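This report concerns only the one structure given below.
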Amino acid sequence: MRIYFGVYIFSFVIFPPLWWFLFNFDTAVAENNQYIIRLYKYGGRDYYEQKSIYKKSGILEKYVGLFDSSDSYVYSELNQLDYDIKEFKIDNMTFTGKVLLKRNENGQVVTKDTLIVCPIFEKQAPI
728 MRIYFGVYIF SFVIFPPLWW FLFNFDTAVA ENNQYIIRLY KYGGRDYYEQ KSIYKKSGIL
788 EKYVGLFDSS DSYVYSELNQ LDYDIKEFKI DNMTFTGKVL LKRNENGQVV TKDTLIVCPI
848 FEKQAPI
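Numbering-wise, this note's numbering comes out as the position in the sequence shown, counting from 1, plus 727.
In structure tokens:
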């Protein structure tokens with residue numbers, strides 16, 4: 728029993744890049760008849776967050792693209808907002824969503840409906 732325990736611990740110490748798997752989480756944020764939006768968070772060495780869009784086809788989901796990513800410098804102001812997606816539509820690689828703002832970029836509490844329009848970036852799907 729001790730030998731197996733040592734082998735598992737030793738391999739865990741030798742391969743620390745695989746630790747990202749322990750801190751990689753995704754949750755379904757919003758969905759409609761055709762699409763589902765998933766929020767991916769990674770809390771390893773660097774904090775990473777993105778919202779990915781998938782097209783539903785039966786029980787499978789096909790990756791479309793992403794928006795509101797923490798590494799997209801084009802929409803840095805969108806990344807600073809805290810919001811819940813109420814309803815959305817996707818046309819020609821553009822995300823249009825009616826969202827409920829919780830906090831704005833200054834950290835002030837705001838509870839109002841807002842319309843967000845931003846492009847969808849085609850990037851590699853998260854693992």
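Don't be surprised by glycine CBs; every beta carbon is placed ideally from N, CA and C. Model, not experiment: these values are computed from the prediction.
Check                                                                                                     : Outcome
Candidates 810, 845, 794, 821: which alpha carbon is nearest residue 839's?                               : 810
Check for me: the beta strand (DSSP E) holding residue 788 runs from which residue to which?              : 787-794
For residue 790 and residue 768, I'd like the C-alpha separation in whole angstroms.                      : 17 Å
Just tell me which of 817, 778, 776 has its CA closest to the CA of residue 759.                          : 817
Would you kindly report the start and end of the unbroken beta strand (DSSP E) that includes residue 843? : 836-846
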